[in-house]
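Residue numbers (the numbering used here): 3 to 75.
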């Protein structure tokens, strides 16, 4: 929720009618939930995820490397 408010503040600072409109919509909790629910549905239905499932990749994992480990590669 805090990140959404910060993103809304950034949009309100940027010039333009569209960015102000989206920024105001993100500020209010009801429209924020609707906005991010629509975005999360888009991410779940994206083509990239389905392409990865074809290759047997269902859950991506990452490893956090420290700077020293990267330099020793």
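Where is the CB? At the ideal position from N, CA and C, for every residue including glycine.
**Report entry** Beta carbon of residue 26 nearer than 9 Å to that of residue 10
**Finding:** yes
Report task. Run the CB neighbour count on residue 15, radius 10 Å, all protein chains shown included, and call it buried at 16 or more, exposed below. Result -> exposed
Query raised in the report: Taking the C-alpha atoms as reference points, what is the distance between residue 34 and residue 24?
Result: 10 Å
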